[in-house]
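**Q** Taking the working numbering, the leading residue of the sequence shown gets 1, the next gets one more, and so forth. Sharing a structure with you now.
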Amino acid sequence: EMSIWDWEIYRDNKLVALGEYRRRFCNSDRYPNFAFGLKKFNILKGEGEKRGVPVFMFVEYDDQFLYLKIEGEPETMTMRRTHELRNEKVACFPLELLKQVHTLNV
1 EMSIWDWEIY
11 RDNKLVALGE
21 YRRRFCNSDR
31 YPNFAFGLKK
41 FNILKGEGEK
51 RGVPVFMFVE
61 YDDQFLYLKI
71 EGEPETMTMR
81 RTHELRNEKV
91 ACFPLELLKQ
101 VHTLNV
């Protein structure tokens with residue numbers, strides 16, 4: 001069965017977290033924030049609340065592998081999708097909110 005998230009993380013056969021992965025083909029300091037679709041943010045947040053587990057967004061840049069917890073109400077903006085004619089409302093996170101993956105303890 002397909003899901004909108006990439007990973008279900010289990011410990012002792014019990015779901016402990018959900019995860020989504022994004023790849024950015026640039027260094028982490030190229031843009032002042034990390035953005036992805038607000039619709040995706042809301043679905044991920046809702047699924048975590050429904051299942052009672054945290055949800056993490058993992059972001060692989062050319063120079064770092066980072067994560068952030070999907071929670072709260074993010075800043076939003078409308079941006080044009082690269083190579084497309086449509087605009088999309090996105091959730092934006094300042095880079096200082098993203099943490100090194102090796103520090104994650106689920």
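Cβ coordinates follow ideal geometry from the N, Cα and C atoms, glycine included. All figures in this text were calculated on a predicted structure; none of them were measured in a lab.
Taking Gly-46 as part of the alpha helix (DSSP H), name the residues at either end of that continuous run.
**A** 38 to 51
**Q** Can you tell me where the beta strand (DSSP E) holding Tyr-10 begins and where it ends?
**A** Counting along the chain, the beta strand (DSSP E) containing Tyr-10 begins and ends at 7 to 11.
**Q** DSSP beta-bridge partners for Pro-94?
**A** Asn-33
**Q** Using the beta-carbon count (16 or more within 10 Å), is Leu-97 buried or exposed?
**A** exposed
**Q** Within the same chain, show all residues whose beta-carbon is closer than 8 angstroms to that of Arg-51, passing over the 5 residues directly before and after it, in chain order.
**A** Leu-15 and Leu-18.
**Q** Rounding to the nearest angstrom, what Cα-Cα distance links Cys-92 and Ser-3 in this structure?
**A** 23 angstroms
**Q** Tell me, please, which residues DSSP counts as bridged to Leu-66.
**A** Val-59 and Gln-100
**Q** If you draw a straight line from the C-alpha of Cys-26 to the C-alpha of Asp-62, how long is it?
**A** Taken atom to atom, the span from the alpha-carbon of Cys-26 to that of Asp-62 is near 5 angstroms.
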